[in-house]
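So the protein lines, in turn, are chains A and B. Numbering follows my numbering, in which position 94 of the first sequence is assigned residue number 94; successive positions increment by one, without gaps. Each number in my numbering comes from the position in the second sequence (counting from 1) with 312 added on. Quick reminder that beta carbons are idealized off the backbone N, C-alpha and C, glycines included. These numbers were taken from a predicted model, which means no experiment stands behind them.
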Amino acid sequence: MEWKRKDLITIEELTPEEINLILDTAEPFKEILRRNIKKVPPLRGRTVLNLFFEPSTRTSASFSIAAKRLSAETMSISTSTSSVKKGETLLDTARNLEAMRVDMVVMRHSCEGAPKFLSERIEASVINAGDGNHEHPTQCLLDLSTLRENVKTFKGLKVLIVGDIAHSRVARSNIWGLTKLGAEVSVCAPPTLLPQNIEQLPVNVYYNMDEAIRDKDVIYLLRIQRERQKVGLFPSTREYMNLFSMDRDRLKKTKEDVIIMHPGPINRGVELDGDVADGKHSVILNQVTNGVAVRMAVLYLLNGGNKDEKII
Amino acid sequence: MAKIMDELAIKRALTRIAHEIVEKNGGIDNLIVIGIQRRGDILADRIAKLLQEIEGKNIITGKLDITLYRDDLSSIANQPVIHKTDIPVNIDEKTIILIDDVLFTGRTIRSALDELIDFGRPKCIQLAVLVDRGHRELPIKADYVGKNIPTSRDELVDVHVKEIDGVDEVIIEKRVI
């Protein structure tokens, strides 16, 4: 199995073999992160540009660290300080950056499809670090990598994703990734936080959290954004907590060896109780560590793009 | 295709190398045996076992994957698969016996030396190889050699081991282009 793609835009388009190749490649990088000198030379002389049109701390930092560990040069541009403020189009921004000979662009944008748009027009590799409500492929890959450390197989693994499914690129990427590897995915949320065409996604739907959590091996909580409440998608935060929060009492109703995951940042007490987030079932900090290893694997495999495949 | 070494010849060569290691280092205290993936680590395990039999003491082994330190990563089309590196102890002030199956251009060994130095500052590094086939492109020389095999550049030397290939042998064949 060899990696052929120039870009990483979605999980939906990947084959299970491609997903496994990334996960396998991430394993040796986990060992490198435990070394005293955590730097290896494969991307020497490459330049990785972080182009974030939306705020992000964790993902942007994680990509920067990953690139630096591989000896690449990194540069970060956020919209607040860039020419985007002056009205430059996305394509013009990208062309200018490419004229500076950037090899890889890590991109986050509030518009679905923006990374794909860019990838089709520039020679550099493009990595989607989150596009609108569409996908967040490296988050899914780090979740899969973390799960792989804790379960024997994905085949038949029962995973429940709880929260704002409609507005979550993390949920969408994970639904694709998990089902491609053979897991059985369910979602649980108030109907207002489910996407309109949920039946087109390969998932079971629950509206009752207590019923949903009973037989699941993994419970994945999504961040509840308070802005959603303000526009009336759920009546009050307290009501959401009563019905959908993963707290100590609900934890007692789950399988004994349930795994608790969250993509961060956590609203402690809202979607997830502090005790549960820090408890023995939680693998949340492993997710963060593995994020660096998985992103190293993606950067290594793309390596500025396969020369034969490049457009232009 | 010609068979250069069979199972017995490999065993004898490794046994001699083990004795030479003991002799040169006056025992096996302070030694770490590190093999280069994906055949060298298997030979390293065998040499470590022989050293333990000769000296009656345990010895620490490790394995090294040099992929990330290769000097041709930016020019090859597809990225090679990375295997695990496992150096279980601090290597500062240790004597490292670095083991690989075939010594050819010396570029793999250059990568391995760079990677080892990133782990610490060993007292010294000695190199043991099952086959030295010549054609060095870097100033690198083995301390222990199982067999010197004169080759031409268009030939391939393959070391097969039971653990991976089901048979112990060294073969030489023409490169198919």
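| Asked | Found |
| --- | --- |
| When the cut-off is 8 angstroms and only beta carbons count, does A:E31 lie next to chain B? | yes |
| Please name the residue, chosen from A:I127, A:S64, A:T93 and A:K230, that lies closest to A:M104 on a Cα-to-Cα basis. | A:I127 |
| Secondary structure at B:T407, three-state DSSP: helix, strand or coil? | strand |
| So the beta strand (DSSP E) A:S62 belongs to, where does it begin and stop? | A:S62 -> not in any beta strand (DSSP E); alpha helix (DSSP H) instead, spanning R58 to R69. |
| Along chain A, in chain order, which residues have C-beta atoms closer than 7 angstroms to that of B:L380? | V40, P41 and P42 |
| Using the beta-carbon of each residue, which ones in chain A are nearer than 7 angstroms to B:L385? | P42 |
| Is A:E17 close to chain B, meaning its C-beta is less than 8 angstroms from at least one C-beta of that chain? | no |
| Touch check for the region 320-330 of chain B and the region 44-56 of chain A: three-plus C-beta pairs under 8 angstroms? | no |
| Within 10 angstroms of the Cβ of A:T57, are there 16 or more other Cβ atoms? Answer buried if so, exposed if not. | exposed |
| I need the straight-line Cα distance from B:I483 to B:D357, nearest angstrom please. | 21 angstroms |
| List, in chain order, every chain A residue whose beta-carbon is nearer than 9 angstroms to that of B:T397. | P28, E31, I32 and R35 |
| Which first and last residues belong to the beta strand (DSSP E) in which A:I260 is found? | I259 to M261 |
| Note down, in chain order, each residue of its chain lying with its Cβ closer than 6 angstroms to the Cβ of A:K116, except the 5 sequence neighbours on either side. | I9 |
| Beta carbon of A:L181, beta carbon of A:K216: below 8 angstroms? | no |
| Answer yes or no: do B:A424 and B:I348 have a C-beta to C-beta separation smaller than 8 angstroms? | yes |
| Shorter than 8 angstroms from the beta carbon of A:T25 to some beta carbon of chain B? | yes |
| With B:L376 and B:T417 assumed to form a contact (beta carbons below 8 angstroms), what rounded beta-carbon distance in angstroms separates them? | No, B:L376 and B:T417 are not in contact; Cβ-Cβ is about 18 angstroms, not under 8 angstroms. |
| Given that B:I359 touches chain A, what residues does it touch there, using C-beta distances under 9 angstroms? | Near B:I359 there are no residues of chain A at all, since even the closest Cβ is about 23 angstroms away, more than 9 angstroms. |
| Using beta carbons (cut-off 8 angstroms, strictly below), is A:E98 in contact with chain B? | no |
| Among A:T237, A:N303, A:I22 and A:Q196, which one has its Cα closest to the Cα of A:N133? | A:Q196 |
| Would you kindly check if the distance between the Cβ of A:V185 and the Cβ of A:I219 is under 8 angstroms? | no |
| Once the 5 residues before and after A:D308 are set aside, which same chain residues still bring their CB inside 6 angstroms of it? | Low confidence applies here, because A:D308 scores a pLDDT of 47, under 50, leaving its location unreliable; read the following figure in that light. So the list is empty, once near-sequence residues are dropped. |
| Under 7 angstroms between beta-carbons, which chain A residues line up against B:I394? List them in chain order, please. | T25 and P28 |
| Can you tell me whether B:I407 is buried or exposed? The criterion is at least 16 other CB atoms within 10 Å of its CB, across all chains shown. | Note that residue 407 of chain B is Thr in the sequence shown here, rather than Ile. It is buried - the Cβ of B:T407 has at least 16 other Cβ atoms within 10 Å. |
| To test your reading of the DSSP string, which unbroken beta strand (DSSP E) runs of 3 or more residues are found completely within the region 104-187 of chain A? | 104-109, 125-131 and 158-162 |
| List the DSSP bridge partners of A:I37. | For A:I37, which the question treats as bridged, DSSP gives no partner whatsoever. |
| Mind reading off the beta-carbon distance from A:M296 to A:V270? Whole number of angstroms is fine, and I expect it under 8 angstroms. | With 8 angstroms as the limit, A:M296 and A:V270 do not qualify as a contact, their Cβ atoms being about 32 angstroms apart. |
| Can you grab the Cα-Cα spacing for the pair B:L410 / B:V401, in whole Å? | 15 angstroms |
| CB-CB under 7 angstroms to A:I224, same chain, minus the five flanking residues each way: which ones, in chain order? | G163, D164, Y240, N267, V270 and E271 |
| Starting from A:V209, follow the alpha helix (DSSP H) in both directions and report where the run begins and ends. | The amino acid at residue 209 of chain A is misidentified as Val; the sequence shows Met. Where A:M209 is concerned, the enclosing alpha helix (DSSP H) stretches over M209 to A212. |
| Helix, strand or coil, according to DSSP, for B:G374 in the structure here? | strand |
| Starting from the beta carbon of A:E2, find every residue of chain B whose beta carbon is closer than 7 angstroms, and list them in chain order. | N390 |
| Could you check the C-alpha separation between A:F29 and A:L194 for me, to the nearest Å? | 36 angstroms |
| So, does the CB of B:D404 fall closer than 8 angstroms to a CB anywhere in chain A? | no |
| Roughly how many whole angstroms lie between the Cα atoms of B:E405 and B:R433? | 6 angstroms |
| Taking the C-alpha atoms as reference points, what is the distance between B:E335 and B:K369? | 15 angstroms |
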